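Enquirer:
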Amino acid sequence: EDKVVQSPLSLVVHEGDTVTLNCSYEVTNFRSLLWYKQEKKAPTFLFMLTSSGIEKKSGRLSSILDKKELFSILNITATQTGDSAIYLCAGGTNTGNQFYFGTGTSLTVIP
Amino acid sequence: NAGVTQTPKFRILKIGQSMTLQCTQDMNHNYMYWYRQDPGMGLKLIYYSVGAGITDKGEVPNGYNVSRSTTEDFPLRLELAAPSQTSVYFCASRRGPGEKLFFGSGTQLSVL
Numbered sequence: 056e057d058k059v060v061q062s063p064l065s066l067v068v069h070e071g072d073t074v075t076l077n078c079s080y081e082v083t084n085f086r087s088l089l090w091y092k093q094e095k096k097a098p099t100f101l102f103m104l105t106s107s108g109i110e111k112k113s114g115r116l117s118s119i120l121d122k123k124e125l126f127s128i129l130n131i132t133a134t135q136t137g138d139s140a141i142y143l144c145a146g147g148t149n150t151g152n153q154f155y156f157g158t159g160t161s162l163t164v165i166p
Numbered sequence: 532n533a534g535v536t537q538t539p540k541f542r543i544l545k546i547g548q549s550m551t552l553q554c555t556q557d558m559n560h561n562y563m564y565w566y567r568q569d570p571g572m573g574l575k576l577i578y579y580s581v582g583a584g585i586t587d588k589g590e591v592p593n594g595y596n597v598s599r600s601t602t603e604d605f606p607l608r609l610e611l612a613a614p615s616q617t618s619v620y621f622c623a624s625r626r627g628p629g630e631k632l633f634f635g636s637g638t639q640l641s642v643l
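Chains as they are written, first to last, in this note's numbering: chain A, 56 to 166; chain B, 532 to 643.
#1: If you follow the beta strand (DSSP E) that Thr536 of chain B is part of, which residue opens it and which one closes it?
#2: Kindly indicate which three-state DSSP category Gly582 of chain B falls into: helix, strand or coil?
#3: Just to confirm my understanding: we take Phe154 of chain A, look at its own chain, exclude 5 residues before and 5 after, and list those with CB closer than 6 Å. What are they?
#4: Could you pull the start and end residues of the beta strand (DSSP E) that Lys111 of chain A belongs to?
#5: Can you find a heavy atom of the ligand FMN that lies under 7 Å from the Cβ of Phe621 of chain B?
#6: Excluding the five sequence neighbours on either side, which residues of its own chain have a C-beta within less than 7 Å of the C-beta of Ile543 of chain B, listed in chain order?
#7: Could you tell me the distance, in whole angstroms, from the CA atom of Ser598 of chain B to the CA atom of Leu89 of chain A?
#8: Can you tell me whether His69 of chain A is buried or exposed, with buried defined as 16 or more other CB within 10 angstroms of its CB?
#9: Distance, Cα to Cα, Lys123 of chain A vs Val59 of chain A?
#10: Residues in the same chain with beta-carbon distance under 8 Å from Pro606 of chain B, minus the five sequence neighbours each way, listed in chain order, please.
#11: Please confirm if Leu162 of chain A has its CB atom under 8 Å from at least one CB of chain B.
#12: What does DSSP give as the partner residues of Phe154 of chain A in its beta bridges?
#13: Could you check the C-alpha separation between Gly582 of chain B and Gly114 of chain A for me, to the nearest Å?
#14: Terminal residues of the continuous beta strand (DSSP E) containing Met572 of chain B?
#15: With a CB to CB cut of under 6 Å and the five nearest residues on each side skipped, what residues in its chain are close to Val619 of chain B?
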């Protein structure tokens with residue numbers, strides 16, 4: 056059965072801290088790993104990873120994929136209260152039809 | 532571009548009622564999806580479509596139906612609503628394989 060598991064389920068940090076969110080996957084015909092940020096409603100896209108070992112960066116956020124160990128991490132440095140959200144990861148398949156989502160990590164950043 | 536538009540944003544149904552959740556996208560995307568999100572459960576795929584006239588079941592299709600008569604529209608039909616269908620529903624689309632998903636703003640549905 057295809058599945059994506061995220062950890063931790065929730066996290067509370069202080070502004071300025073660095074956090075690492077984890078995503079492990081077991082997806083048949085794996086093609087890509089996607090990260091989304093969900094604040095009030097609709098998830099917004101952060102990263103798509105397809106190659107192992109190549110870090111993607113956007114400001115204070117970065118992510119990397121390990122296709123041998125079947126996991127990805129999302130790092131957020133110098134956290135701000137605006138980073139408070141649920142972070143979702145999803146595994147996509149080569150058939151191109153489905154994404155398997157994890158349950159998400161709820162991040163709360165305290166001033 | 533409006534992106535992916537869902538209506539309504541909120542709805543309360545009585546048990547046994549039916550309704551259609553509307554989804555339209557103006558990005559000319561071939562692939563469209565319906566997900567439901569329950570607290571602590573992540574997003575579960577209900578139905579998807581890879582083009583007009585083609586639909587297929589996802590992980591949790593029971594109690595739902597879809598149609599895809601045009602590239603733009605992908606409505607989700609609930610027949611005989613049940614409390615277990617209380618959830619937040621998201622429509623999403625993408626151009627094709629290897630592309631990211633774009634999400635609509637969601638529909639909060641309560642069945643009482």
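Ideal Cβ placement from N, Cα and C applies to all residues, glycine included.
These numbers were taken from a predicted model, which means no experiment stands behind them.
Expert: Working from what's here:
#1: Val535 to Thr538
#2: strand
#3: Ala145 and Gly147
#4: Lys111 to Ser113
#5: The model on display carries no ligand, and the ligand FMN is accordingly not part of it.
#6: Ser641 and Leu643
#7: 27 Å
#8: exposed
#9: 15 Å
#10: Thr551, Leu552, Gln553, Cys554, Val597 and Ser598
#11: no
#12: A:Gly147
#13: 36 Å
#14: No beta strand (DSSP E) holds Met572 of chain B; DSSP gives it neither H nor E.
#15: Gln568, Gly637 and Gln639
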